[in-house]
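Residue numbers (this note's numbering), protein chains in the order written: chain A, 1 to 200; chain B, 1001 to 1273. Idealized CB from N, CA, C, for every residue including glycine. Structure first, commentary second.
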Amino acid sequence: MDFSTAAKYASLLSKDYAEDIFKLLVNYQAISASEVATRLNLHIKTAQDYLEALNQLDIVSKDEVLEKKRPYYRYALKQTRLMIDIDLKQVKREASTNSLASHIRERANAGARFSAARSDDYITSVTIWTGNGREREERKIKLTTPQGKFLYHLPFPKAEPLTVDEIMHKAGVDEHLAPEIVDLVQLLEKYMVIESVEEE
Amino acid sequence: MSLVRKLKPDHNITGPLVPLSMVPIFGLTTFIFGIPTGMYTLAVMVSLFAIFYLYVFIRTGNITRLVIFAECVFLDYMLFMASGDFLANPFDRKEFALAYYSGMAFFGLVLVYLLLTRKFKWRGREIFELAAASIEETGNGYTSRPKPVGKMDYSLQQLHAFARFCARHLIALPYITSKNITLVPIKMGEEYGRVLGLSGDYRDASWVNFDVDGEVSIHISQKDYLDYREPLAFDQLCASFGQVYIDFFEAHKKGEGIRVVDRMDDLKLGFFS
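Set out below in structure tokens:
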């Protein structure tokens, strides 16, 4: 299950009336939106939207029926067990060979402020400015210790750029921490604190 | 040694301004309240000055600060005597006049000697001049990040001895923690704020840091970087700044600390800059 589907599940389950609707669905063979609304004292639109959303997630099926030539839908539960199952590995940033091999250094006049740790050789946070005009605001990014060590060894502006891999090696950051380093590099590239330099 | 200066000329008058400001305050209090009150006021100011220099002596071990302290104590004694409470018309008494003039002449000569031999001088400008001496490339690239400049092989005792040496010769003010010794070079005129802790956190100033594992890192503040005439290549400047201290450390380890002082004296920077 992907994150957005899980979010839809969670959103539906978090409604105050969710449990009552599921009680009806599990006990009735099929039920219409108006029957749910009158039974639970809900607005017909609320009940209809909820059942439609369940149908889109394939939790219920809907069948069109006719009453005095006026069609309406009846909903029936398709599954009695709901599982929210997210594989977090799918959102893990795998450090590709390409991202580790890119040559980077600090961008000149980046305007970022770096706070160094008092007791050791690493950066504790980076403060950058985002937005323009009245929207301009200060944003402080707290760093993990490996990220702080990495940034401590980042080449200065105008200095010879190094690959992400080389900087990690210099900083003594273990290879398995590459995803959090790559995440930081991408974030700081986005805020124009770090620049990638093409190899000559 | 090239005498081409990389730093802008020093127009900072904070150093001489602090002692010289005593004169108009003395004049004003004398004009308003009379000579005895003026002398007491001057004595209080001199006492504060003496306490500051005693503190600097304790902090650095620089003997010239003790001389200034002794001079201030002598002056204080003379001012109290001359204020009229102890002696009426003190300068009419030959003993007092002789003690006053000979004391002032002695301390004056000692002070001139200390100034001419640059023993009185904070060496911050020398450090920045030496760091920039070999840098020809310009191009800015300033960053507030510290730079690791290498790893050295030293024992904790050697590191502490070097820190004491730097403090004693006013090459830098050391800040000692359990894991690091940070040396902060101070330019003349900046000593009051830095020593009294009024100039903010020392980590925001320029420094060189030696940690217990031998890692050496440096930081140059934007204020000090802007003090150079040209926007020197910052990466090279940082490396050179660190190298100056590494060279000093190596010389000190070999027992050649005097060569470090000679190297700075050879720059022939102004006595008050």
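Interface annotation, A1233(B): in contact with chain A, CB-CB separation under 8 Å. I167(A): not part of any beta strand (DSSP E); member of the alpha helix (DSSP H) spanning 164 to 171, first to last residue. Secondary structure at P1231(B): coil, using DSSP grouped into helix, strand and coil.
Collapsing the DSSP output to three states places E1215(B) in a strand. Contact annotation for K1268(B) against chain A: no contact, minimum CB-CB distance about 32 Å [criterion: below 9 Å]. A direct Cα-Cα distance of roughly 16 Å separates P1231(B) from L1130(B). One thing to note: A171(A) has its Cβ no nearer than 8 Å to the Cβ of F156(A). Between the alpha carbons of S1221(B) and D1204(B) lies a gap of roughly 6 Å.
Between the segment 1256 to 1272 of chain B and the segment 1163 to 1178 of chain B, the count of C-beta pairs closer than 8 Å reaches three or more; the two stretches touch. If you draw a straight line from the Cα of K1223(B) to the Cα of L88(A), it comes to about 47 Å.
Membership of H1160(B) in the alpha helix (DSSP H) is indicated by the continuous run 1156 to 1168. Take the alpha-carbon of C1072(B) and the one of F1107(B): they are about 10 Å apart. About 32 Å separates the beta carbon of I84(A) from that of V185(A), a gap too long to meet the 8 Å contact definition.
Using a 10 angstroms sphere on the CB of L1173(B), the tally of other CB atoms reaches 16 or more, which defines it as buried. In terms of CA proximity to I31(A), L77(A) leads the group G148(A), Q90(A), L77(A). If you look at A7(A), you'll find it in the alpha helix (DSSP H) that goes 3 to 13. Taking I194(A) as reference, the option from E175(A), P161(A), D121(A), D165(A) with the minimal CA-CA separation is P161(A). Minimum Cα-Cα distance from K1268(B) among the listed residues L1183(B), Y1040(B), E1126(B), G1015(B) corresponds to E1126(B). For N1180(B), the enclosing beta strand (DSSP E) has its first and last residue at 1180 to 1184. According to the DSSP assignment, S1102(B) belongs to the alpha helix (DSSP H) that extends over 1094 to 1116. Within chain A, the residues A116, R118 have their CB atoms less than 8 Å from the CB of R1203(B), given in chain order.
With fewer than 16 other Cβ atoms inside 10 Å of its own Cβ, R134(A) counts as exposed.
Nearest to F1026(B) by alpha-carbon distance, out of T1037(B), S1155(B), L1159(B), H1160(B), is T1037(B). For K1147(B), at least one C-beta of chain A is nearer than 8 Å to its own C-beta. Beta-bridge pairing by DSSP links P1174(B) to L1183(B). For V1260(B), the enclosing alpha helix (DSSP H) covers residues 1257 to 1265. Identification of residues in the segment 117 to 145 of chain A having a C-beta nearer than 9 Å to some C-beta of chain B yields R118, S119, D120, D121, I123, given in sequence order. The Cβ-Cβ distance between E138(A) and T127(A) falls below 8 Å. Within the same chain, Cβ atoms closer than 6 Å to the Cβ of D1076(B) are found at A1043, V1046, S1047, the five residues on either side in sequence being excluded. Of the candidates A10(A), K68(A), I21(A), I141(A), the residue whose Cα lies closest to the Cα of S125(A) is I141(A). The beta carbon of F156(A) sits closer than 8 Å to some beta carbon of chain B.
Put simply, the segment 1139 to 1155 of chain B does not touch the segment 1096 to 1107 of chain B. Fewer than three CB pairs are less than 8 Å apart. Going by DSSP, K1151(B) is part of the beta strand (DSSP E) stretching over 1147 to 1151. A check of alpha carbon separations from F1080(B) across M1039(B), F1120(B), L1116(B) identifies M1039(B) as the nearest.
Using a Cβ-Cβ distance cut-off of 8 Å, the segment 1003 to 1020 of chain B and the segment 110 to 122 of chain A are not in contact, since fewer than three pairs of beta carbons, one from each stretch, lie closer than that value. Take A47(A), set aside five residues on each side of it, and the residues of its chain with a beta-carbon closer than 8 Å to its own are I21, A33, S34, V36, A37, L40, in chain order.
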